[in-house]
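Peer 1: In terms of the working numbering, the sequence shown is residues 4 to 79. We put the beta carbon where it would ideally sit given N, CA and C, even for glycine.
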Amino acid sequence: MPTRGRPVKTLIVAGTLNGLVLPLSLGVMLVAAYRRDIVGDYRHPLWLTIFGALVVVLMAYMGVYTAMQQLPQLFR
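Quick look at the structure:
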């Protein structure tokens with residue numbers, strides 16, 4: 004019985020792309036949090052920056068791993 008549209012593959016591809024875009028977005032926001040011309044007198048807490056940078060690195064690693072290891076299996 005054939006399936007129509009392959010929704011599972013579409014969801015996996017969309018999730019993988021989100022996994023690559025989200026670390027970039029968070030990284031840009033962390034850099035912007037230290038630009039006085041953007042945030043004015045606001046001082047971003049150092050501990051939030053450290054944890055944010057850790058999240059960026061982990062998310063980027065997981066996104067690239069998924070893209071390299073799992074996506075080719077979808078298109079066999």
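If the criterion is Cβ atoms closer than 8 Å, does the pair alanine 165 and leucine 23 meet it?
Peer 2: Nothing in the structure corresponds to residue 165, since the chain is present only between 4 and 79.
Peer 1: Thinking C-beta only, is alanine 36 closer than 8 Å to histidine 47?
Peer 2: Taking the first residue of the sequence shown as 1, we reach residue 47 at position 44. Taking the first residue of the sequence shown as 1, we reach residue 36 at position 33. In contact: histidine 47 and alanine 36 (Cβ atoms closer than 8 Å).
Peer 1: Use the C-beta contact count for isoleucine 19: other C-beta atoms within 10 angstroms, 16 or more gives buried, fewer gives exposed.
Peer 2: Here residue 19 refers to the residue found at position 16 of the sequence shown. Going by the sequence as given, residue 19 is threonine instead of isoleucine. That one is buried.
Peer 1: Taking the alpha carbon of leucine 33 as the reference point, which residue from Val60, Pro75, Gln72 has its own alpha carbon closest?
Peer 2: What you label residue 33 is simply residue 30 of the sequence shown in a count that begins at 1. The shortest C-alpha separation from leucine 33 is found at Val60.
Peer 1: Have a look at methionine 4 and serine 28 and give me their C-alpha separation to the nearest angstrom.
Peer 2: Within the sequence shown, the letter at position 1 stands for residue 4. Within the sequence shown, the letter at position 25 stands for residue 28. Bear in mind that a pLDDT of 44 at methionine 4, under 50, signals an unreliable position, so the number given afterwards is only what the model happens to contain. Whole-angstrom Cα-Cα distance: 41 Å.
Peer 1: In this structure, does DSSP put arginine 39 in helix, strand or coil?
Peer 2: One-based indexing of the sequence shown puts residue 39 at position 36. In this structure, arginine 39 counts as helix in the three-state DSSP scheme.
Peer 1: Could you check which residue in Leu57, Arg9, Ile15 has the C-alpha nearest to that of threonine 74?
Peer 2: Along the sequence shown, read from residue 1 onward, the residue named residue 74 stands at position 71. The sequence given here places leucine at residue 74; threonine does not occur at that position. Checked all of Leu57, Arg9, Ile15; the closest Cα to leucine 74 is Ile15.
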